[in-house]
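Written below as structure tokens is the structure these notes are about.
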Amino acid sequence: SRTISKCYVQVTGMTCASCVANIERNLRREDGIHSILVALMAGKAEVRYNPAVIHPAAIAELIRELGFGATVMENCGEGDGILELVVRGMTCASCVHKIESTLMKTKGVLYCSVALATNKAHIKYDPEVIGPRDVIQVIKDLGFTTSLVKKDRSASHLDHKQEIRQWKRSFVVSLVFCIPVMGLMIYMMVMDSQLSDAHAHHNMSRKEMEALHSSMVLEYQILPGLSVMNFLSFLLCVPVQVFGGWHFYIQASRALRHNTANMDVLVVLATSIAFLYSLIILLVAMAERAKVNPVTFFDTPPMLFVFISLGRWLEHVAKGKTSEALARLISLQATEATIVTLGPDNVLLSEEQVDVDLVQRGDIVKVVPGGKFPVDGRVIEGHSMVDESLITGEAMPVTKKPGSTVIAGSINQNGSLLISATHVGADTTLSQIVKLVEEAQTSKAPIQQFADKLSGYFVPFIVAVSVVTLFAWIIIGFVDFQIVEKYFLGYNKSISAAEVIIRFAFQASITVLCIACPCSLGLA
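In my numbering, the protein residues as written are 1 to 524.
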């Protein structure tokens, strides 16, 4: 008896179905080649050959002569088939043992484990020898009912709706509270400049006096040391810190638990420190009953959160768009197939509806007019027109007659066809496309990996810089107080020099943190 071996060849340069047909037609003529099957999307050919006559390297050479790139794939077996089943009717450990031992004795089953608690069976088999329907039959013959684990076909893991909602909410909350804070800030700035002008000229019109008084309202102290401006800013800042920053805090804590520092850590650091520092300085001012209102940073957190949550929201919207396309592709797959048994002269003996995952290679599948092709295959009987626009984009239906190839997911139009399954499960063209898109989504662009790596170093670096700034200013201050006095305007003469220095140093180091925080690198 002739031994038949099987090898896989990676084929590059195929552009369409006619390339596939070309390779298959030419190789079938060669001596020693028993059969050949080419998958266009996966770019691989499966060749059965007689090792006494021809060897894989020669097969690859034959394909190369046709003008394609070809390399023999080492140890790429078909990959074991994996089957996940729900088994009902097991009562005790001996049932489990009975199923396992019977399956392991079955030819073609490589591995099998049955869990009594979850009613699940996990089976690995060799698709060349045995198929999923045979395995299910074996278990049924033992007296148990069994069914496939229902796969989630809706692609819900690709859905970004929830993230889109959460970041949108984050953004809106931050924005609502950010606008008044900004308004107050700008108003104060304008008033301050008018004030200094007025003091310079000493002649003020009545209108200017009124403007001044209105700005004094904001500077007016509700309690000693607590101005209206600072109080309002504080009130507006709290909700942003809590609601706007909620997701950032969660993500940052996760990152820190794993000893990594990402963008979220920086955002949280900068906003929290700015917020806490402002709060503490307010409390100190109130305790001191300060006449001059302290400089606070309550405007920083809302503005940062606005920009960053806007960025995240847009990012997820973009991701959601590609995922939507994927989900549409996945929804094109047929869920069921009609398998028929043929007698001599292609007489229909019986037919049964099965889940599309149970179709085995070599099965004869019947496709009625208007039906979807459940698997890739080759027509063995019937004539029809088929709409393949989902893959090829061509609007006109394509004629199919015995010997033509059909693509899973395309729609049969007017005639009934019998096809022989050539690619099933994860090997169908549609599954390959879905896999490619998924891989493209999960893989990062090199520049993105680089940015992630940088931000890993960037965070500790910025923290270090701001700490250095803090100490540098403290040292400068104690060495030469004049410099600090020059830059730290409007400080209260009644507080000690040491305190002035420390306040100024803090202000400088927080400024460093806040400016570096929404670093353009991370945002981009």
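For every residue, glycine included, the Cβ atom is placed at its ideal position computed from N, Cα and C.
With a threshold of 16 other CB atoms inside 10 Å of the CB of Glu-388, please say whether the residue is buried or exposed. buried
Report the option in Phe-506, Asp-299, Tyr-220 whose CA atom is closest to the CA atom of Phe-471. Phe-506
Output yes or no for whether 9 Å exceeds the beta carbon distance between Leu-223 and Met-286. yes
Reduced DSSP secondary structure (H/G/I, E/B, other) of Ala-290: coil
Pair within 9 Å by beta-carbon distance, Val-114 and Ile-130: no
Grab the span of the alpha helix (DSSP H) containing Asp-141 for me, first residue to last. 132–141
Taking C-alpha atoms, which residue in Glu-46, Ile-54, His-97 lies nearest to Glu-74? Glu-46
Beta-bridge partners of Val-359, as assigned by DSSP: Answer by DSSP bridge pairing: none, since Val-359 is not bridged.
Taking all protein chains shown into account, do 16 or more other C-beta atoms lie within 10 angstroms of the C-beta of Ala-524, making it buried, or fewer, making it exposed? Confidence at Ala-524 is low in this model, with a pLDDT of 48, below 50, so the placement of that residue is unreliable and no value is reported for it.
How long is the line joining the alpha carbons of Arg-257 and Thr-322, rounded to whole angstroms? 32 Å
With distances taken Cα to Cα, identify the nearest neighbour of Lys-168 among Leu-66, Leu-310, Leu-266. Leu-310
Since Glu-128 is in the alpha helix (DSSP H), which residue starts that stretch and which ends it? Segment: none, Glu-128 is in no alpha helix (DSSP H) and carries neither H nor E.
Within 9 Å, strictly: CB atoms of Asp-299 and Met-191: no
Considering only the beta carbon of each residue, do Ile-501 and Val-512 sit closer than 9 Å? no
Could you check where the alpha helix (DSSP H) with His-97 kicks off and where it finishes? 93–105
With 16 other Cβ atoms within 10 Å as the buried cut-off, status of Leu-92: According to the sequence shown, residue 92 is Cys rather than Leu. Cys-92 is exposed by the Cβ-count criterion.
The beta strand (DSSP E) enclosing Arg-254, as first and last residue numbers: Careful: Arg-254 lies outside any beta strand (DSSP E), inside the alpha helix (DSSP H) at 246–257.
Counting only runs of 3+ residues fully inside the stretch 350–402, write out the beta strand (DSSP E) ranges in chain order. 364–367, 376–381, 384–387, 398–400
Ala-57 - containing beta strand (DSSP E), residue span: Element bounds for Ala-57: not the beta strand (DSSP E) but the alpha helix (DSSP H), 56–65.
Would you identify the three-state DSSP class for Tyr-8, choosing helix, strand or coil? strand
Report the partner residues of Lys-583 according to the DSSP bridge assignment. Here the chain covers residues 1 to 524 and nothing more, so residue 583 does not appear.
Count the other CB atoms, across all protein chains shown, that sit within 10 Å of the CB of Ser-509; report buried if there are 16 or more and exposed otherwise. buried
Need the endpoints of the beta strand (DSSP E) that Thr-145 sits in, please. 145–148
What would DSSP say about Val-109, mapped onto helix, strand or coil? strand
Boundaries of the beta strand (DSSP E) in which Ser-323 is found, first to last residue: No beta strand (DSSP E) contains Ser-323, which is instead part of the alpha helix (DSSP H) from 300–331.
Rounded distance between the beta-carbons of Glu-352 and Lys-366, thought under 8 Å: Rounded, the Cβ-Cβ distance is 10 Å, inconsistent with contact.
Let me know the secondary structure DSSP gives Ala-508 once reduced to three states. helix
Less than 9 Å between the C-beta atoms of Leu-226 and Pro-180, yes or no? no
Cβ shell of Gln-241 (< 6 Å), same chain only, five flanking positions each side left out: Phe-275, Pro-301
Can you grab the Cα-Cα spacing for the pair Met-90 / Ser-147, in whole Å? 14 Å
Cα-Cα separation, Asp-31 to Leu-37: 16 Å
8 Å CB neighbourhood of Gly-370 in its chain, flanking five on each side removed: Ile-411, Asn-412, Gln-413
With 16 other CB atoms within 10 Å as the buried threshold, where does Ile-250 fall? exposed
For a test of the three-state rule: what should DSSP assign to Glu-46, helix, strand or coil? strand
Buried or exposed, going by whether 16 or more other CB atoms sit within 10 Å of the CB of Phe-458? buried
Residue nearest to Leu-110 in terms of C-alpha spacing, selected from Glu-439, Ile-82, Leu-40: Ile-82
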